[in-house]
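Asker: Using mature numbering (1 follows the signal peptide of the UniProt record, and there is no 0), the letters of the sequence shown map in sequence onto residues -23 to -1, 1 to 126. Backbone N, C-alpha and C define an ideal beta-carbon position, used for all residues, glycine too. Here the structure is a predicted model, which is why all the values come from computation and not from measurement. Quick one: the structure is below, and I'll ask about it shortly.
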Amino acid sequence: MYRQLVPATNAIVLYTLCSLTFADQIAPFTSDGCSAFPDGNTEEQTLWLNCCVSHDLSYWKGGTYEERIKADAELESCVAKLGETEIGKLMYAGVRVGGSPYLPMPYRWGYGWPFPRGYQALTNEEKQQAKQQLRQFIKMLESAEAELK
(Lines of atoms letter the chains of each structure in order from A and count residues from 1; the text may use other names and numbers.)
(Lines give C-alpha, C1' and ligand atoms only; values in the text may rest on other atoms or scores of the structure.)
Protein backbone atom coordinates (compact mmCIF):
# COMPACT_ATOMS: atom_id res chain seq x y z
CA MET A 1 0.00 0.00 0.00
CA TYR A 2 2.78 2.41 0.97
CA ARG A 3 4.60 1.79 -2.32
CA GLN A 4 1.47 2.72 -4.24
CA LEU A 5 1.21 6.06 -2.44
CA VAL A 6 4.81 7.14 -3.06
CA PRO A 7 4.38 8.10 -6.76
CA ALA A 8 1.16 9.99 -6.04
CA THR A 9 2.73 11.79 -3.08
CA ASN A 10 5.79 12.70 -5.15
CA ALA A 11 3.58 14.05 -7.93
CA ILE A 12 1.61 16.21 -5.49
CA VAL A 13 4.78 17.59 -3.89
CA LEU A 14 6.34 18.31 -7.30
CA TYR A 15 3.17 20.03 -8.54
CA THR A 16 3.02 22.17 -5.39
CA LEU A 17 6.66 23.21 -5.70
CA CYS A 18 6.21 24.08 -9.37
CA SER A 19 3.13 26.13 -8.56
CA LEU A 20 5.06 28.09 -5.96
CA THR A 21 8.06 28.57 -8.23
CA PHE A 22 6.22 29.63 -11.38
CA ALA A 23 3.58 32.21 -10.55
CA ASP A 24 0.80 32.87 -13.03
CA GLN A 25 1.61 35.46 -15.66
CA ILE A 26 -0.78 38.21 -16.66
CA ALA A 27 -1.63 38.35 -20.36
CA PRO A 28 -1.07 41.55 -22.34
CA PHE A 29 -3.82 44.14 -21.86
CA THR A 30 -6.68 43.96 -24.33
CA SER A 31 -9.96 45.82 -24.51
CA ASP A 32 -13.07 45.04 -26.50
CA GLY A 33 -14.55 48.44 -25.76
CA CYS A 34 -17.95 48.06 -24.16
CA SER A 35 -18.11 44.30 -24.83
CA ALA A 36 -21.61 43.39 -26.03
CA PHE A 37 -22.89 46.91 -25.28
CA PRO A 38 -22.65 49.80 -27.80
CA ASP A 39 -19.65 52.13 -27.36
CA GLY A 40 -21.89 55.18 -27.66
CA ASN A 41 -25.25 56.41 -28.89
CA THR A 42 -26.51 56.99 -32.44
CA GLU A 43 -25.28 60.61 -32.51
CA GLU A 44 -21.85 59.94 -31.00
CA GLN A 45 -20.90 56.33 -31.56
CA THR A 46 -17.92 56.31 -29.18
CA LEU A 47 -19.36 58.60 -26.49
CA TRP A 48 -18.61 56.37 -23.49
CA LEU A 49 -15.89 54.19 -25.04
CA ASN A 50 -13.19 55.75 -22.82
CA CYS A 51 -15.27 54.80 -19.77
CA CYS A 52 -15.36 51.19 -20.97
CA VAL A 53 -11.64 50.98 -21.73
CA SER A 54 -10.84 52.32 -18.27
CA HIS A 55 -13.24 49.74 -16.82
CA ASP A 56 -11.57 47.02 -18.91
CA LEU A 57 -8.22 47.99 -17.41
CA SER A 58 -9.60 47.36 -13.92
CA TYR A 59 -11.18 44.07 -15.01
CA TRP A 60 -8.00 42.94 -16.78
CA LYS A 61 -5.88 43.21 -13.64
CA GLY A 62 -8.64 42.05 -11.28
CA GLY A 63 -8.24 42.16 -7.52
CA THR A 64 -10.58 42.06 -4.56
CA TYR A 65 -14.37 42.09 -4.50
CA GLU A 66 -14.26 45.65 -3.14
CA GLU A 67 -12.08 46.74 -6.07
CA ARG A 68 -14.61 45.29 -8.50
CA ILE A 69 -17.48 47.15 -6.81
CA LYS A 70 -15.44 50.37 -7.10
CA ALA A 71 -14.59 49.75 -10.78
CA ASP A 72 -18.24 49.09 -11.63
CA ALA A 73 -19.39 52.22 -9.76
CA GLU A 74 -16.74 54.26 -11.60
CA LEU A 75 -18.05 52.98 -14.94
CA GLU A 76 -21.59 54.03 -14.03
CA SER A 77 -20.37 57.44 -12.84
CA CYS A 78 -18.22 58.02 -15.93
CA VAL A 79 -21.14 57.34 -18.27
CA ALA A 80 -23.50 59.45 -16.13
CA LYS A 81 -21.07 62.41 -16.33
CA LEU A 82 -21.52 62.28 -20.10
CA GLY A 83 -25.23 62.96 -19.61
CA GLU A 84 -26.30 59.33 -19.89
CA THR A 85 -27.41 58.48 -16.34
CA GLU A 86 -29.85 55.74 -17.36
CA ILE A 87 -27.31 54.12 -19.68
CA GLY A 88 -24.80 54.19 -16.81
CA LYS A 89 -27.25 52.39 -14.54
CA LEU A 90 -27.96 49.80 -17.22
CA MET A 91 -24.25 49.21 -17.79
CA TYR A 92 -23.69 48.89 -14.04
CA ALA A 93 -26.36 46.20 -13.82
CA GLY A 94 -24.85 44.37 -16.78
CA VAL A 95 -21.30 44.27 -15.43
CA ARG A 96 -22.49 43.22 -11.98
CA VAL A 97 -24.23 40.20 -13.51
CA GLY A 98 -21.87 39.33 -16.36
CA GLY A 99 -18.47 40.22 -14.91
CA SER A 100 -18.19 37.53 -12.27
CA PRO A 101 -14.68 36.07 -11.94
CA TYR A 102 -16.26 32.62 -11.65
CA LEU A 103 -17.56 32.54 -15.23
CA PRO A 104 -15.06 31.60 -17.96
CA MET A 105 -15.87 34.69 -20.01
CA PRO A 106 -13.30 36.84 -21.84
CA TYR A 107 -14.59 39.93 -19.96
CA ARG A 108 -14.69 38.43 -16.45
CA TRP A 109 -13.09 40.13 -13.44
CA GLY A 110 -9.37 39.37 -13.63
CA TYR A 111 -9.48 38.29 -17.29
CA GLY A 112 -5.77 39.00 -17.69
CA TRP A 113 -4.97 36.06 -15.40
CA PRO A 114 -5.52 32.36 -16.06
CA PHE A 115 -9.01 31.14 -15.14
CA PRO A 116 -10.12 30.65 -12.41
CA ARG A 117 -8.60 33.38 -10.28
CA GLY A 118 -11.59 34.60 -8.30
CA TYR A 119 -11.21 37.61 -6.03
CA GLN A 120 -7.60 38.04 -4.91
CA ALA A 121 -5.59 41.10 -4.03
CA LEU A 122 -2.64 41.46 -6.36
CA THR A 123 0.73 40.66 -4.84
CA ASN A 124 3.59 43.11 -5.33
CA GLU A 125 5.02 40.78 -7.99
CA GLU A 126 1.67 40.70 -9.82
CA LYS A 127 1.41 44.50 -9.68
CA GLN A 128 4.86 44.72 -11.25
CA GLN A 129 3.79 42.29 -13.98
CA ALA A 130 0.72 44.41 -14.72
CA LYS A 131 2.78 47.62 -14.81
CA GLN A 132 5.24 46.02 -17.23
CA GLN A 133 2.43 44.87 -19.52
CA LEU A 134 0.92 48.37 -19.46
CA ARG A 135 4.29 49.92 -20.33
CA GLN A 136 4.50 47.60 -23.33
CA PHE A 137 0.93 48.49 -24.33
CA ILE A 138 1.71 52.22 -24.14
CA LYS A 139 4.85 51.73 -26.27
CA MET A 140 2.76 49.91 -28.85
CA LEU A 141 0.23 52.77 -28.94
CA GLU A 142 2.98 55.37 -29.23
CA SER A 143 4.56 53.43 -32.08
CA ALA A 144 1.23 53.19 -33.89
CA GLU A 145 0.63 56.91 -33.37
CA ALA A 146 4.09 57.75 -34.74
CA GLU A 147 3.35 55.76 -37.89
CA LEU A 148 0.27 57.91 -38.49
CA LYS A 149 2.23 61.18 -38.47
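On the CB-based measure, 16 or more other CB atoms within 10 Å of its CB, does D49 come out buried or exposed?
Answerer: Counting from 1 along the sequence shown, the entry for residue 49 is found at position 72. Result: buried.
Asker: Taking the beta carbon of S120 as the centre, do at least 16 other beta carbons fall within 10 Å, making it buried, or is it exposed?
Answerer: For the purposes of this step, residue 120 is taken as the residue at position 143 of the sequence shown. With fewer than 16 other Cβ atoms inside 10 Å of its own Cβ, S120 counts as exposed.
Asker: By Cβ distance, which residues of its chain are closer than 8 Å to R73, with the 5 residues on each side in sequence left out?
Answerer: Taking the first residue of the sequence shown as position 1, residue 73 is located at position 96. Cβ neighbours of R73 beyond the five flanking positions: D49.
Asker: Which residues mark the beginning and the end of the alpha helix (DSSP H) in which M82 is found?
Answerer: Here the question's residue 82 lines up with position 105 in the sequence shown. First-last for M82: undefined, no H or E at that position.
Asker: Would you call the segment 35 to 51 and the segment 12 to 26 in contact, with 3 or more CB pairs under 8 Å?
Answerer: no
Asker: Might you give, ordered along the chain, the residues of its own chain that have their beta carbon closer than 8 Å to the beta carbon of S31, omitting 5 neighbours on each side?
Answerer: Counted from its first residue, the sequence shown places residue 31 at position 54. Non-local beta-carbon contacts of S31 in its own chain, meaning distances under 8 Å to residues more than five positions away in sequence, involve E51, L52 and C55 in chain order.
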